[in-house]
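Enquirer:
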Amino acid sequence: MEFSDKLKELRMQKGISQAKLARDIHISRSAVAKWENGLGLPSEDSLNILSEYFEINVSELLPNKNSEESLVSKNKTIKIQKNIITGLLIVCVTVFLIWFCYNFEQLKNVFGLFGLGVIFIILGIFNMKGNIASVHWYNRRKVTKENQKAYCMVMGLGTLIIGISLFISGIVQAFIGIEAGAFIILIGVLAGFALMLFAQIKYNKGIF
Numbered sequence: 013m014e015f016s017d018k019l020k021e022l023r024m025q026k027g028i029s030q031a032k033l034a035r036d037i038h039i040s041r042s043a044v045a046k047w048e049n050g051l052g053l054p055s056e057d058s059l060n061i062l063s064e065y066f067e068i069n070v071s072e073l074l075p076n077k078n079s080e081e082s083l084v085s086k087n088k089t090i091k092i093q094k095n096i097i098t099g100l101l102i103v104c105v106t107v108f109l110i111w112f113c114y115n116f117e118q119l120k121n122v123f124g125l126f127g128l129g130v131i132f133i134i135l136g137i138f139n140m141k142g143n144i145a146s147v148h149w150y151n152r153r154k155v156t157k158e159n160q161k162a163y164c165m166v167m168g169l170g171t172l173i174i175g176i177s178l179f180i181s182g183i184v185q186a187f188i189g190i191e192a193g194a195f196i197i198l199i200g201v202l203a204g205f206a207l208m209l210f211a212q213i214k215y216n217k218g219i220f
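Read left to right, the sequence shown gives residues 13 to 220 (the numbering used here).
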């Protein structure tokens, strides 16, 4: 049995959630999720804590360390490859948008909106995937570890909505009119900031 399956089995036998296990051994819930998904292995200290917590030997918890480390290494390689492909895709889309804008006279005047929209969209996607720490430092906030995922999702969705509204507004301003485009920005920004404000109040217990 692999470590990921063994850990999940022990946790289920004990009748606790990933969040409860994380709190009990003083680590993040995301670390427990990563271990159970076979995407990482605990350090020796964490292994010893887990073995004491579940009252079993380390050898029972991690019977074939070399095999597990090989699996984790493969998972890391796959993740790096995905990140590279995603990065290349973003670059290609950005280059295409630049070329497209400069080959259509109507779009040249709203190129700034497109660029700003793309930035917000990328930030929103990163934030929804749990990378909101790039713009919000958790140690300066009151978001609990249990609420971090929900906080990331709502904050990211708000950012994404703002980005999409900016991008669509650029197209509308270029081909329909400035007033219609401005209205789309207004609606998108209000909706996006409303979600972000909701996340701050609900999960951060305040705006700051």
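A virtual CB, placed ideally from N, CA and C, is assigned to each residue, including glycine.
#1: Please report the residue range of the alpha helix (DSSP H) in which residue 184 lies.
#2: May I ask which residues mark the beginning and end of the alpha helix (DSSP H) holding residue 129?
#3: Within 10 angstroms of the Cβ of residue 146, are there 16 or more other Cβ atoms? Answer buried if so, exposed if not.
#4: If you measure between the beta carbons of residue 128 and residue 178, is that distance less than 8 Å?
#5: By the 10 Å Cβ neighbour count, where 16 or more other Cβ atoms means buried, how is residue 151 classified, buried or exposed?
#6: I think residue 136 touches residue 168, with their Cβ atoms under 8 Å apart; what is that distance to the nearest whole Å?
#7: In the DSSP assignment, find the alpha helix (DSSP H) that holds residue 32 and state where it starts and stops.
#8: Look at the alpha carbon of residue 21 and the alpha carbon of residue 209, and state the distance between them as a whole number of angstroms.
#9: Please look up how many angstroms separate the CB atoms of residue 133 and residue 196, rounded, as I've assumed it's under 8 Å.
#10: Using CA coordinates, which residue listed in 171, 25, 211, 56 is at the minimum distance from residue 204?
#11: List the endpoints of the continuous alpha helix (DSSP H) containing residue 46.
#12: Run the CB neighbour count on residue 149, radius 10 Å, all protein chains shown included, and call it buried at 16 or more, exposed below.
#13: Helix, strand or coil for residue 4? Go by DSSP, reduced to three states.
Expert: Quick answer:
#1: 160 to 187 is the span of the alpha helix (DSSP H), which, as asked, contains residue 184.
#2: 123 to 138 is the span of the alpha helix (DSSP H), which, as asked, contains residue 129.
#3: Residue placement at residue 146 is flagged as unreliable, the pLDDT there being 48, under the threshold of 50; a coordinate-derived value is accordingly withheld.
#4: The criterion of a C-beta distance shorter than 8 Å is satisfied by residue 128 and residue 178.
#5: Bear in mind that the predicted position of residue 151 carries a pLDDT of just 45, short of 50, making it unreliable; the figure below should be weighed with that in mind. By the neighbour-count rule (16 or more Cβ atoms within 10 Å), residue 151 is not buried but exposed.
#6: Right, the Cβ-Cβ distance comes to about 5 Å (below 8 Å), so this counts as a contact.
#7: Residues 30 to 36.
#8: If I take the Cα positions, the gap works out to 39 Å.
#9: Wrong, their Cβ atoms sit about 15 Å apart, outside the cutoff.
#10: Out of 171, 25, 211, 56, the CA that lies nearest to the CA of residue 204 is found in 171.
#11: Counting along the chain, the alpha helix (DSSP H) containing residue 46 begins and ends at 41 to 48.
#12: At residue 149 the pLDDT is 48, less than 50, meaning the model places this residue with poor confidence; the figure from the coordinates comes in the next sentence. Around the C-beta of residue 149, fewer than 16 other C-beta atoms lie within 10 Å, and the residue is accordingly described as exposed.
#13: Residue 4 is absent from the structure shown; the chain starts at 13 and stops at 220.
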